[in-house]
Structures are given as C-alpha cells and as structure tokens.
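Protein chains in written order, with the working numbering: chain G, 1163 to 1270; chain F, 185 to 309.
Backbone N, C-alpha and C define an ideal beta-carbon position, used for all residues, glycine too.
Below is one structure, written out as structure tokens, with a few remarks after it.
Here it is as structure tokens:
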C-alpha cells in the first residue's frame, strides 16, 4: 500500500496567517492527490484535486502544489472558518486509495 | 447533488448491518461510488468501491466480510456488513469518486466531490 504522511500533525495559527501543510507519499503518485477539509461531526469536503486544481466553490486562498512524492496545501490568509482538520489522499493506486493521518489546524 | 446515508446502529460482535447511500441529482450507476470510514478520533480509511460497470473492490481489512452492491432503479448503493468486529466501529461515509481510468492506469483524478453525511456503526456486546 502507498503510505501518505502529513506534517505537521497539528498546527496553531492566527487569523490572517499563511499556513502550509505537507504530504509525502511513500512512492511516486504523479499528481493524483486530493486535499480535504473536515470539521467536527461533518463529512470531509473536497478542496483540491489533481494536486493543484481548486474545486469549484472553494475560496482562492486555498492552493495546492507538488508532484511525485511531495505535496503542499497552502492557505494564504487564514479565516475563522478555516480552523479544521485537513487530509491528503492519493489515488495513484486507485481503487486502493489511502489518506494521510490528518493535520489539525487550531486557533492560536 | 446529494448523498443520504442511513442504516447504522449498534451491532454485536459477529453481527450484521446494511448501510444505504441514496443519491439524488445524479446517477450513481454512472459513477464510481466509494465507502470511507472514520473510527472515533481517527483518520479516514477507504473501505470499498463499486465501479460504473459494477465491479466491487474492498480494503483488505473488510474483504470477505463486507459486500457492496447497487440498485440502479433506487439510485442507491449499499454496504452489507457481516462478521462485525469491534474495530469496525466508525462513522461510515459514502462518496462519489471521480477518477479517469484507462488501460494504462489513472489518467486523471477529480477527487471525491460529493459525500453523504455519514452514519455511525458501533460494534459492542
């Protein structure tokens, strides 16, 4: 199985800050990576697909980059509604997809 | 475009449950549909998928115990959970998955763009 490792596991930040979350795959996954946001008690929400493509309706302060094994999710200016947990997910070995362990973004 | 999940509840170890995922606003039969679960306080784990053509796939952790199916008339996907174990306790989500697959493998991937609200399965005696 392809392992996905996110870092950091948690991060504290303030409204207006720029935050970057990284995701590393255990092998080359090309650009077949998605990012999701999950708030407590809710289903995940798709933010980014194919590593860098913004899902319709997602604010432009979210961006993704990377290819191969190393990927990043950046939030350019944190808003109060962005405090949540973020997951990366690889689809290169579809249908056996795997998720990262999650990064919890907390208010400082 | 909506997915509504139901069927969770309390089951004893070794017991069974059937989850359903009703789609509206699109045809589930024309898409790849996945089940993903999340144990309490844990991350996301892919469980099963059914292809547009009907082929099922399962995670090793549930293979031989869980079964995915679809009813095209009802526009619903099901997950039959048999032989339940304590470690199956989780919130179960269904999601529409958007890969482009060819004989060469994944050619494009648009993520899991629609998710159901989830249903809780608790396995305990």
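Can the beta-carbon of residue i be found less than 8 Å from the beta-carbon of residue j?
{"i": "residue 307(F)", "j": "residue 240(F)", "result": "no"}
{"i": "residue 1193(G)", "j": "residue 1169(G)", "result": "no"}
{"i": "residue 277(F)", "j": "residue 1253(G)", "result": "no"}
{"i": "residue 187(F)", "j": "residue 193(F)", "result": "no"}
{"i": "residue 1217(G)", "j": "residue 1247(G)", "result": "no"}
{"i": "residue 1258(G)", "j": "residue 1190(G)", "result": "no"}
{"i": "residue 219(F)", "j": "residue 1206(G)", "result": "no"}
{"i": "residue 185(F)", "j": "residue 302(F)", "result": "no"}
{"i": "residue 281(F)", "j": "residue 296(F)", "result": "yes"}
{"i": "residue 204(F)", "j": "residue 214(F)", "result": "no"}
{"i": "residue 275(F)", "j": "residue 195(F)", "result": "no"}
{"i": "residue 1231(G)", "j": "residue 1186(G)", "result": "yes"}
{"i": "residue 264(F)", "j": "residue 245(F)", "result": "no"}
{"i": "residue 216(F)", "j": "residue 236(F)", "result": "yes"}
{"i": "residue 1226(G)", "j": "residue 1210(G)", "result": "yes"}
{"i": "residue 1233(G)", "j": "residue 1195(G)", "result": "yes"}
{"i": "residue 206(F)", "j": "residue 273(F)", "result": "no"}
{"i": "residue 1256(G)", "j": "residue 290(F)", "result": "yes"}
{"i": "residue 1171(G)", "j": "residue 1270(G)", "result": "no"}
{"i": "residue 1236(G)", "j": "residue 1166(G)", "result": "no"}
{"i": "residue 269(F)", "j": "residue 262(F)", "result": "no"}
Which residues of chain F have a Cβ atom closer than 9 Å to the Cβ of residue i, listed in chain order?
{"i": "residue 1246(G)", "result": "Within 9 Å Cβ-Cβ: nothing; residue 1246(G) doesn't reach chain F, min ~14 Å."}
{"i": "residue 1199(G)", "result": "Chain F residues near residue 1199(G): none, gap ~11 Å exceeds 9 Å."}
{"i": "residue 1212(G)", "result": "292, 293, 294, 295"}
Run down chain F in chain order and give the residues with a C-beta less than 7 Å from the C-beta of residue i.
{"i": "residue 1187(G)", "result": "Simply none; closest approach about 13 Å."}
{"i": "residue 1257(G)", "result": "233, 241"}
In chain F, which residues lie with their C-beta within 8 Å of the C-beta of residue i?
{"i": "residue 1260(G)", "result": "230"}
{"i": "residue 1217(G)", "result": "295, 297"}
What in chain G is Cβ-close to residue i, meaning under 8 Å?
{"i": "residue 296(F)", "result": "1196, 1198, 1206, 1208, 1251"}
{"i": "residue 227(F)", "result": "1249, 1261, 1262, 1263, 1264"}
{"i": "residue 290(F)", "result": "1192, 1194, 1253, 1254, 1256"}
If the cut is a Cβ gap below 9 Å, which residues of chain G does residue i touch?
{"i": "residue 301(F)", "result": "1204, 1205"}
Name the chain G residues that come within less than 7 Å of residue i, Cβ to Cβ?
{"i": "residue 307(F)", "result": "Within 7 Å Cβ-Cβ: nothing; residue 307(F) doesn't reach chain G, min ~20 Å."}
In chain order, which continuous runs of the beta strand (DSSP E) of length 3 or greater are located wholly inside the segment 1195-1253 of chain G? Correct list: 1195-1200, 1207-1211, 1224-1229, 1232-1237, 1247-1252.
At what residue ranges does the segment 250-299 of chain F contain a whole run of the beta strand (DSSP E), taking only runs of 3 or more? Listed in chain order, the beta strand (DSSP E) elements of length 3 or more contained wholly in the segment 250-299 of chain F are 250-255, 260-265, 274-286, 289-299.
Could you run through the segment 254-288 of chain F and flag, in chain order, every residue whose CB is less than 7 Å away from some CB of chain G? Residues of the segment 254-288 of chain F with a C-beta less than 7 Å from any C-beta of chain G: 277, 283, 285, listed in chain order.
Does the pairing of the segment 1239-1246 of chain G with the segment 201-220 of chain F give three or more beta-carbon distances under 8 Å? no
With a floor of 3 residues, list each beta strand (DSSP E) that falls wholly inside the segment 191-225 of chain F, ordered by position along the chain. 193-195, 201-208, 216-222
Check whether the segment 224-244 of chain F touches the segment 1254-1264 of chain G, taking contact to mean three or more Cβ pairs, one atom from each stretch, closer than 8 Å. yes
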